[in-house]
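In the numbering used here, the protein residues as written are 3 to 347.
Beta carbons are placed, not taken as given, at the ideal position from N, Cα and C, and that holds for glycine.
The structure displayed is predicted, hence computed values, not measured ones.
Inspection log for the structure reproduced underneath, given as structure tokens.
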Amino acid sequence: MESTLGLEIIEVVEQAAIASARWMGKGEKNTADQVAVEAMRERMNRIHMRGRIVIGEGERDDAPMLYIGEEVGICTQPDAKAYCNPDELLEIDIAVDPCEGTNLVAYGQNGSMAVLAISEKGGLFAAPDFYMKKLAAPPQAKGHVDINKSATENLKILSECLDRAIDELVVVVMKRDRHNDLIKEIRDAGARVKLISDGDVGAALACAFSGTNTHALMGIGAAPEGVISAAAMRCLGGHFQGQLIYDPEIVKTGLIGESKEANVARLTDMGITDPDKVYDSHELASGETVLFAATGITSGELMSGVRFFHGGARTQSLVISSQSKTARFVDTIHMFEQPKTLQIR
Ligand code: VTB
3 MESTLGLEII EVVEQAAIAS ARWMGKGEKN TADQVAVEAM RERMNRIHMR GRIVIGEGER
63 DDAPMLYIGE EVGICTQPDA KAYCNPDELL EIDIAVDPCE GTNLVAYGQN GSMAVLAISE
123 KGGLFAAPDF YMKKLAAPPQ AKGHVDINKS ATENLKILSE CLDRAIDELV VVVMKRDRHN
183 DLIKEIRDAG ARVKLISDGD VGAALACAFS GTNTHALMGI GAAPEGVISA AAMRCLGGHF
243 QGQLIYDPEI VKTGLIGESK EANVARLTDM GITDPDKVYD SHELASGETV LFAATGITSG
303 ELMSGVRFFH GGARTQSLVI SSQSKTARFV DTIHMFEQPK TLQIR
């Protein structure tokens with residue numbers, strides 16, 4: 003895939019994060035999301051590519067933009083012939099979450115980000131809008147921990163792989179009623195639990211980097227974001243497994259309102275014949291080339307959030323490429339005004 007794409011997608015997530023950060027702390031999560039979507043789409047449509055959204059803001063009817071199936075990039079625009087020969091360009095699939103952690107932005111809390119993953123056509127699992135049981139862990143534990151094992155067993159394995167006592171392990175879990183038993187089990191096993199209100203993509207990512215004091219992510223979050231997390235973990239060599247959750251009784255928050263049977267039927271219609279299959283990162287992000295990019299909206303373990311100053315803003319991003327085998331932290335100063343009138347900081 004074009005190496006310049008890696009540079010351009012930084013701007014896509016940066017612009018989404020800046021737009022959303024203007025709504026930080028204003029208590030309006032839908033607006034924080036909407037402006038991020040618009041900014042992401044606007045910048046994406048200036049990239050020389052033929053892109054298709056495979057994970058986005060939902061189905062076309064409920065989402066005005068960045069809906070699943072939407073085509074993005076200059077070469078998909080109506081007057082594309084003026085810019086490029088679409089036949090010469092690789093078709094790429096894109097998974098986006100312009101504002102991961104909308105509540106975090108709305109209430110000024112840590113851990114939100116604008117994020118996306120890219121692969122060649124067919125390289126990302128088109129996850130339905132369901133939930134996903136997730137297990138993320140550092141590279142040393144890859145293939146050793148297993149989502150089919152109990153939390154207690156996995157903590158023992160983690161402790162061996164990371165060569166640290168169980169009480170030196172920190173597991174991130176989303177604070178939800180559905181996780182009450184899980185949280186108790188982790189504590190009983192001797193590990194420490196970091197409860198987060200939202201934003202499990204950042205938590206999964208943190209597992210792959212030492213120094214974040216995050217040794218595992220356990221529990222159930224949204225499935226589409228699971229694919230985005232898997233894309234990053236695949237490039238970083240971290241452990242990531244996901245299993246779709248289609249039974250509303252298990253989730254308890256009600257995003258999947260239908261009955262278990264109706265949900266299984268929906269999965270079958272989508273071609274998912276084994277609804278209980280456990281996917282690993284290489285299945286969720288199977289493409290030959292995978293790119294991941296994220297910019298902090300509010301500060302998290304790996305990136306500072308957007309900081310505005312007179313005439314500009316400063317952002318921190320992370321771009322990961324399977325092709326160049328790099329994880330790049332990018333610190334950018336955005337000058338909204340002529341540089342001479344602003345103080346760069
Ligand atoms: C949220 C969000 C996560 O999943 O929790 C969502 O914060 C679904 O869970 O980051 P609920 O319906 O219980 O809120 C994520 O978006 C991603 O997995």
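Closer than 8 Å: Y109 CB and nearest the ligand VTB heavy atom: The sequence position of residue 109 within the sequence shown is 107, counting from 1. Checking the Cβ of Y109 against the ligand VTB gives no.
Buried versus exposed call for Q36 [16 or more other C-beta atoms within 10 Å across all chains shown]: For the purposes of this step, residue 36 is taken as residue 34 along the sequence shown, with counting starting at 1. Buried: at least 16 other Cβ atoms inside 10 Å.
Environment of S348 [buried if 16+ CB atoms lie within 10 Å]: No information on residue 348 is available, as it lies outside the stretch 3 to 347 that the chain covers here.
From A233, D249, V74 and D64, residue whose alpha carbon lies closest to that of E44: Here residue 44 is taken as the residue at index 42 of the sequence shown, counted from 1. Comparing Cα positions, the closest option is V74.
Member of T328, D333, H312 and D271 whose CA lies at the smallest distance from the CA of G298: For the purposes of this step, residue 298 is taken as residue 296 along the sequence shown, with counting starting at 1. The residue with the shortest Cα to Cα distance from G298 is D333.
6 Å Cβ shell around A41 - same chain, five flanking residues per side excluded: In the sequence shown, the residue the question calls residue 41 occupies position 39. Taken in chain order, the residues that qualify are Q17, A18 and A21.
Distance between L164 and D183 (C-alpha atoms, nearest Å): Start at 1 with the first residue of the sequence shown, and residue 183 comes out as number 181. Start at 1 with the first residue of the sequence shown, and residue 164 comes out as number 162. Using only the alpha carbons, I get a separation of about 25 Å.
Near the ligand VTB: V175 beta-carbon under 8 Å from a heavy atom: Here residue 175 refers to the residue found at position 173 when the sequence shown is read from its first residue. Outside the cutoff, so no.
Own chain residues within Cβ distance below 6 Å of K196, not counting five before or after: Along the sequence shown, read from residue 1 onward, the residue named residue 196 stands at position 194. These residues qualify, in order along the chain: V172 and V174.
heavy atom of the ligand VTB below 8 Å from A267 C-beta: The sequence position of residue 267 within the sequence shown is 265, counting from 1. It does not: the Cβ of A267 is nowhere closer than 8 Å to a heavy atom of the ligand VTB.
Among I198, R178 and R189, nearest to L254 - alpha-carbon criterion: Translated into positions along the sequence shown, residue 254 becomes position 252. Per the sequence shown, residue 254 should be read as Lys rather than Leu. Ranking the options by Cα distance to K254, first place goes to R178.
Boundaries (first-last residue) of the beta strand (DSSP E) holding T317: Along the sequence shown, one-based indexing puts residue 317 at 315. T317 -> beta strand (DSSP E) spans G314 to S323.
Residue(s) in a DSSP beta bridge with L333: The residue you call residue 333 lines up with position 331 of the sequence shown. Looking at the sequence provided, one finds Asp at residue 333 rather than Leu. DSSP lists Q318 as partners of D333.
Spatial distance of N150 from G124 (CA atoms): Start at 1 with the first residue of the sequence shown, and residue 150 comes out as number 148. Start at 1 with the first residue of the sequence shown, and residue 124 comes out as number 122. Taking the straight line joining both Cα atoms gives about 27 Å.
Check: D63 C-beta below 8 Å from any heavy atom of the ligand VTB: Within the sequence shown, residue 63 is the residue found at index 61, counting from 1. Because no heavy atom of the ligand VTB lies under 8 Å away, the Cβ of D63 does not count as near it: no.
The region 104–114 contacting the region 216–231, beta-carbon criterion three pairs below 8 Å: no
Proximity below 9 Å, CB of G240 to CB of P141: Counting from one through the sequence shown, the residue named residue 240 turns up at place 238. Counting from one through the sequence shown, the residue named residue 141 turns up at place 139. It is a contact, given that the beta carbons lie within the stated cut-off.
Three-state secondary structure (DSSP) of V117: Walking along the sequence shown from the start, residue 117 turns up at place 115. In the structure shown, V117 sits in a strand (DSSP, three-state: E or B).
Nonlocal neighbours in the same chain, by C-beta distance under 6 Å from G58, ignoring five residues either side: The residue given as residue 58 occupies position 56 in the sequence shown. L68, Y69, I70 and V98, listed in sequence order.
Neighbourhood of Y109 by C-beta, 8 Å cutoff - its chain only, sequence neighbours within 5 removed: To locate residue 109, count along the sequence shown from 1; it is residue 107. The answer, listed in chain order, is G27 and G29.
Rounded C-alpha distance that separates I191 from Y281: Within the sequence shown, the letter at position 189 stands for residue 191. Within the sequence shown, the letter at position 279 stands for residue 281. Reading off the sequence, residue 191 comes out as Ala, not Ile. The alpha-carbon atoms of A191 and Y281 are separated by roughly 26 Å.
Alpha carbon of H348 to alpha carbon of M235, nearest angstrom: Here the chain covers residues 3 to 347 and nothing more, so residue 348 does not appear.
D81 CB to nearest heavy atom of the ligand VTB below 8 Å: The sequence position of residue 81 within the sequence shown is 79, counting from 1. No; taking the cut-off as 8 Å, the Cβ of D81 has no heavy atom of the ligand VTB nearer than that.
Assigned exposure category for E61 - 16 Cβ within 10 Å defines buried: Working through the sequence shown from its first residue, we reach residue 61 at position 59. E61 should be labelled exposed.
First through last residue of the alpha helix (DSSP H) which encompasses P226: Working through the sequence shown from its first residue, we reach residue 226 at position 224. Run containing P226: A225 to L238, per the alpha helix (DSSP H) assignment.
Buried or exposed by the 16-neighbour rule on C-beta atoms within 10 Å, applied to N265: In the sequence shown, the residue the question calls residue 265 occupies position 263. With 16 or more other Cβ atoms within 10 Å, it is buried.
Per-residue burial, M337 [other beta carbons within 10 Å of its own, 16 or more giving buried]: Here residue 337 is taken as the residue at index 335 of the sequence shown, counted from 1. Classification for M337: exposed.
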